[in-house]
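One structure is given here, and the rest of the page talks about it.
Number of protein chains: 2
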Amino acid sequence: MVESWSFLDTVESNFRPLVVIELAKGTKEETIEWLTKRIVDKKANGGAQLLIKPLVTENGVENIYLVGASHLRLLLGAETVGLVKECNDNSMRTFTYSSRKTFKHFADDNHDFLTMAECQYIIKHELENLRAKNEKMIPGYPQAKLYPGKSIVRRLLTSGILVQIFPLHDREELKKLSHSWYGRVKVGYQPLDDIRCYFGETIALYFGFLEYFTFALIPMAVIGIPYYVFAWEDYDKYVMFATFNLLWSTVILEVWKRICAILTYRWGTLLMKRQFEEPRPGFHGVLGINPVTGREEPVYSSIKRQLRIYLVSLPFVCLCLYFSLYVMMIYFDLEQWALDYHKENESNFSSLMLYVPSIIYAVVIEIMNRIYRYAAEFLTSWENHRLESSYQNHLILKVLVFNFLNCFASLFYIAFVLFDMKLLRQSLATLLITSQILNQFAESLFPYWLQKRYNRRMKKRTCSKKTDMDLSLAEQVNMEKEMGTYLGTFDDYLELFLQFGYVSLFSCVYPLAAVFAVLNNITEIYSDALKMCRVYKRPFAEPTANIGVWQLAFETMSVISVVTNCILIGMSPQVDALFPDSKMDLVLTVALIEHLLLAIKFIMAFVIPDKPRDIQTKLAKLEFESLEALKQQQMQLAAESLQE
Amino acid sequence: MVESWSFLDTVESNFRPLVVIELAKGTKEETIEWLTKRIVDKKANGGAQLLIKPLVTENGVENIYLVGASHLRLLLGAETVGLVKECNDNSMRTFTYSSRKTFKHFADDNHDFLTMAECQYIIKHELENLRAKNEKMIPGYPQAKLYPGKSIVRRLLTSGILVQIFPLHDREELKKLSHSWYGRVKVGYQPLDDIRCYFGETIALYFGFLEYFTFALIPMAVIGIPYYVFAWEDYDKYVMFATFNLLWSTVILEVWKRICAILTYRWGTLLMKRQFEEPRPGFHGVLGINPVTGREEPVYSSIKRQLRIYLVSLPFVCLCLYFSLYVMMIYFDLEQWALDYHKENESNFSSLMLYVPSIIYAVVIEIMNRIYRYAAEFLTSWENHRLESSYQNHLILKVLVFNFLNCFASLFYIAFVLFDMKLLRQSLATLLITSQILNQFAESLFPYWLQKRYNRRMKKRTCSKKTDMDLSLAEQVNMEKEMGTYLGTFDDYLELFLQFGYVSLFSCVYPLAAVFAVLNNITEIYSDALKMCRVYKRPFAEPTANIGVWQLAFETMSVISVVTNCILIGMSPQVDALFPDSKMDLVLTVALIEHLLLAIKFIMAFVIPDKPRDIQTKLAKLEFESLEALKQQQMQLAAESLQE
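As they're listed, the protein sequences go chains A and B. The opening residue of the first sequence carries number 0 in numbering that gives the first Met the number 0; numbering runs sequentially from there. The opening residue of the second sequence carries number 0 in numbering that gives the first Met the number 0; numbering runs sequentially from there.
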């Protein structure tokens, strides 16, 4: 151990802790020694060439280590991960160490050139890419097998030696950020660039989408209010509202792509090259040769996976869907029972009872969604996908289908089987409001409780009235390692997706839905921000260029909503009255209008460019430059070859 | 002139003529001297470093020049255009001169490493990229302005000094190819790889698609025959046929993408990087700074172009569509008149008269299509698109919409306004067969006539019984420069597109359409092959990785055909009889089935991967390798930097 610490001693003066590694209690000394040696070892020897330091608290060393890196090491790491930064001429370029002088705000002594989130991302990347050379196992743990090229950190995580690895908060920055984000009541945009600097692009893009979506709903909400206030029930007004809704939902999704391109261009992720994807931590299989890399690594037959998907997962999902429909039928029986009860004993209590089935059903739906979520995660993990992206896609698909059915099946049943518009409106309102209250509750009470516990513990430990800012590093690390882990933006997007469903699927029946959605989203922004800043451990930044599969999910929802709204309008008595002679004409007209609307939607999606013109020009310029550089190089080579 | 020719003399011995340049009669001597100097000049001096030789015939020099290049020059050019070739380890890689030894069949003395078509493509690319340095105009032609960076050849073409530039046929290769392609009657596949070697990827891909499409139609044709033979009119059989058709058309379009990927991977174009697109020859504007390249070149305001598109082109297209509908109404009047005439004087003549309006209409449609085509070309050219691809897309869109309406409007009218299934079947048959006969006529008689003329002229010139093979180079060049120019695959794809419409849009009414389509396509392969080999000048090879916008066009057609077929089945009396009580139920059932079919189509298109697994693996392997190479490079740099 002496050798590696001595190496550190020389740079101790400018050691800035960035990432925390927590090892299991009782981890063997030889393992720790080996790991730290690998982390500080030179790149040329297959090490990560980072800095590592044990955390010393009043209780002595607790198997917690702080990882940092020299400024030069971070700059070289930025090149490895392919960070894109702004140049002096205001263009965005992939950072390379050799061209560092051309970048804006770069100076050899300016340690703020890379944001802290970027530094932490680089360190995470370097740690994950620390690979076994010829070790057959983790020293001290013969059951934790290694093979050449296996990521050491991932094996340590799966074998439980490494408890967790997380980036440190920057108390000062966090205070500034939370003040400008949610600290004061103000009307205005969120500080998205600051959020991105602190939490990375994936989270900033979620908040960007949440904000954009809320703004986009405002016109729908504003138009919806008079329908409620004046109890408008005219046919033409409803048709106008629905048509506006349908076209509007297409426009907002297309415009989002453009805004997303503007944001991610500014953040550099639009230009970032995709890295080669390594197997996800949970992936297992027998050792074989990977046809892509030619390396020895676990392989798992794609046919086996397909069999698991189609013979187990698919039937299971279908069974769950059936069960969900079964629960729905019970709900309708209850509803009927409540109605009968109300008819027999008309009283305040009985009229209150009318709402009970809906509320119970909304609660049951939430519970089923959460249980199903665990089952879906288990199944998808059992399907043994090699790549994290493939795992995520299969998980999202499973969860989306079930949630969609669970939330909307009863509404479809009421609308298109019972033809009961009054009940539809009432159910829609109950479902929407209940699920929003439940979510806000889960997202606000839970944080509040965690916050409380955190404050209590802090008081107990320090036995003083120190504020956050005065905490020693050891106290800060100990505090943060107990905080919950943010599991990604999945649930947040899912909530928005279902909300979009409530707003758009039956918009012509319940124009007020958009109003509730807007109100919910405004508080959502605040509670999510609080959650990110105060409740959870800081998550690692994840570069991303778009909201991925959610764009597709929202677009699919908006296509389905065209169909449902057309049918609803066709079924309204006012429209019925327009075709007194022939029901046929009515249905044909509705079908024709529906197809026209769908065609307009697709043409609009095709005609509106996904990227604004100036971003297109900037991208074309970069591509042109790289082609020119290549050509120059080839011309030189050609001239030399022809000279010979 | 002496200097440049002397340079040529040294390599005269292995000069192989590849490309012919024909200058206008009476081109000034100084222009010729300047041009040849630029062509042979060293790369370092901004020349193309090619070889050029005047063609000497019995009439002396006729302003025709032959262009060739040294073997080394061609190899370096292959690197510049980014050719992808097969390596010794059977993988496909971008060719570079420095790694030349790793490529299959490469040897310094093997001049067949690059196919003749590739050599010609390289020379064309080099000629087109011969750019003005500080010339303000073409010497001798003050009106032909130049600016630094302007392509010289394009300016020469637009100012009429350069009449044409085309690649030479290789008589021997052509004979071999035509023999294996259409020379013998055989059952089997076309020699696509040989076609690609001789004509390049765009044309080979068209023939590949034509062949694939014909094979794909065979199941539809086979299933369709018994409907005609046994005069089946049962409801369930028609529904089966239509459902099969709808799913089949989705499957074949998805499978084509996979086959296309296999072909273009083998040909190397799937991996070829897109080159930066230069302005198309016809593009004009005032000199300004291009925001992408930063160079001085003509710029044309995008707003002006949008105005031209939306204020002139769009109304014109609408007017043409209206006119087309007007002609259609006249056709229906004629049809009615013929029917009345037949009723009054029932005779053989009058029953023949029944077919006359349809035939006249089919001929008029063909004529209108052709006239409109010229108008569309003129308008699109006037819209002044900067890029050839943008020009092509706007042209294809204009032509497709008009052709679609022109060909199918009458059928839609008969089917969904007149509800006359008998007339629909009759019109469909007449339109399909007439248009096929017209096309075959135009594509076979025209070639035959050209062939005749060619033979006559050849006899007259040489006054002997020499065969093609014995022709001198001068005779060959003089022959070929008079041949027609192949204008690209547009018309060929359009014909297939309309045929696909006839087969799929109303397939459940006329199952025999597929049979006619298959028969037509078999002769089409032969007549198109003859056309390429014997009638037209050899076209320059164009690398391409897919059939581009046509894939989208075919997919759109298959979506529309779901709608039409569902409606047709819903309208059939047999289906009607199934819902004796309620027309409503019928319409709702049909609408439900239609939506289900559309959903299945989209899910199928989503689930079937666009590339076969082994191609995916190969592509992933290449990407992995290039990322690894980059990483190695960066690691080395990092190690060095950290060492310092």
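Every residue, glycine too, gets a C-beta built ideally from N, C-alpha and C. Quantities reported herein were computed from a predicted structural model and do not represent experimental measurements.
Practice problem: Could you check the C-alpha separation between Leu252 (chain B) and Leu567 (chain B) for me, to the nearest Å? | Solution: 23 Å
Exercise. Consider the Cβ of Lys620 (chain B): report whether some Cβ of chain A lies at a distance smaller than 7 Å.
Key: yes
Self-check item: Residue closest to Val562 (chain A), alpha-carbon to alpha-carbon, out of B:Glu29, B:Pro538, B:Ala590, B:Ser571
Solution: B:Ala590
Self-check item: 7 Å Cβ cutoff, Glu290 (chain B) in contact with chain A
Solution: Note that residue 290 (chain B) corresponds to Pro in the displayed sequence, not to Glu. Yes, its Cβ sits closer than 7 Å to a Cβ of chain A.
Self-check item: Reduced DSSP secondary structure (H/G/I, E/B, other) of Lys86 (chain B)
Solution: First, the residue type needs correcting, since residue 86 (chain B) is Cys and not Lys in the sequence shown. Residue state, collapsed to three classes: strand.
Quiz item: So, using beta-carbon positions, are Asp193 (chain A) and Met115 (chain A) closer together than 7 Å?
Solution: no
Quiz item: So is Met91 (chain B) in contact with chain A if we call contact Cβ pairs under 7 Å?
Solution: no
Self-check item: Selection of the region 533 to 558 of chain A by Cβ proximity to chain B, strictly under 7 Å
Solution: none
Quiz item: Are any of the Cβ atoms in chain A nearer than 7 Å to that of Thr616 (chain B)?
Solution: yes
Quiz item: So, Lys397 (chain A) versus Met482 (chain A), is the Cβ gap smaller than 7 Å?
Solution: no
Exercise. Tell me whether Met352 (chain A) sits in a helix, a strand or coil according to DSSP, three-state version.
Key: helix
Self-check item: Host beta strand (DSSP E) of Val162 (chain A) (start-end)
Solution: 161 to 166
Quiz item: Where does Phe102 (chain B) fall in DSSP's three states?
Solution: strand
Quiz item: If we cut at 7 Å on Cβ distances, does Lys464 (chain B) have a partner in chain A?
Solution: Note on Lys464 (chain B): pLDDT 48, under 50, position unreliable in the model; the coordinate value appears next. Chain A, which has no Cβ nearer than 7 Å to the Cβ of Lys464 (chain B), makes this no.
Quiz item: Should Val606 (chain A) be labelled buried (16 or more other beta-carbon atoms within 10 Å of its own) or exposed?
Solution: exposed
Exercise. For my contact list, Tyr237 (chain A) and Ser571 (chain A) are in at a C-beta cut-off of 8 Å; report their separation, rounded to the angstrom.
Key: 7 Å
Practice problem: Could you work out which residue in B:Gln189, B:Phe229, B:Leu529, B:Thr201 is closest to Glu210 (chain B) when comparing CA atoms only? | Solution: B:Gln189
Quiz item: Does any residue of chain A bring its CB to less than 7 Å from the CB of Val66 (chain B)?
Solution: no
Quiz item: Any residues in the region 577 to 603 of chain B with a beta carbon nearer than 8 Å to a beta carbon of chain A? Which ones, in chain order?
Solution: Lys582, Met583, Val586, Leu587, Ala590, His594
Self-check item: Nearest neighbour of Tyr501 (chain B), chosen from B:Thr433, B:Ala544, B:Leu50, B:Val362 [CA to CA]
Solution: B:Thr433
Quiz item: For Glu296 (chain B), which residues does DSSP report across the bridge?
Solution: B:Gly287
Quiz item: Would Pro356 (chain B) be called buried (16 or more neighbouring beta carbons within 10 Å of its own) or exposed?
Solution: buried
Exercise. For Asp613 (chain A), count neighbouring Cβ atoms within 10 angstroms of its own Cβ and tell me buried if that reaches 16, exposed if not.
Key: exposed
Quiz item: Are Ala540 (chain B) and Tyr120 (chain B) closer than 7 Å when you measure CB to CB?
Solution: yes
Quiz item: Got a sec? Which residues, its chain only, sit under 7 Å from Thr379 (chain A) by beta carbon, not counting five neighbours each side?
Solution: Tyr390, His393, Leu394, Lys397
Quiz item: Any idea if Leu65 (chain B) is buried or exposed, counting beta-carbon neighbours within 10 angstroms, 16 or more meaning buried?
Solution: buried
Quiz item: Can you give the Cα-Cα distance for Ser702 (chain B) and Asp527 (chain B), rounded to whole angstroms?
Solution: Beyond the ends of chain B as shown, which are 0 and 643, falls residue 702 (chain B); an answer cannot be given.
Self-check item: Length of the line joining the Cα atoms of Val476 (chain A) and Val19 (chain A)
Solution: 8 Å
Quiz item: Is it right to say Cys319 (chain A) is buried, meaning 16 or more other beta carbons lie within 10 angstroms of its own, or is it exposed?
Solution: buried
Self-check item: Nearest-angstrom Cα separation, counted from Gly76 (chain A) out to Gln48 (chain A)
Solution: 10 Å
Quiz prompt | Glu277 (chain B) in three-state terms, based on DSSP | solution = coil
Exercise. Note down, in chain order, each residue of its chain lying with its Cβ closer than 8 Å to the Cβ of Leu176 (chain A), except the 5 sequence neighbours on either side.
Key: Pro190, Asp193, Ile194, Tyr197, Cys532
Quiz item: First and last residue of the alpha helix (DSSP H) that includes Arg533 (chain B)?
Solution: Counting along the chain, Arg533 (chain B) falls outside any alpha helix (DSSP H), and DSSP gives it neither H nor E.
Self-check item: Boundaries (first-last residue) of the beta strand (DSSP E) holding Met91 (chain A)
Solution: 91 to 93
Quiz item: Given Asp40 (chain B), which residues of its chain have a CB within under 6 Å of its CB, disregarding the five upstream and five downstream residues?
Solution: Gly46
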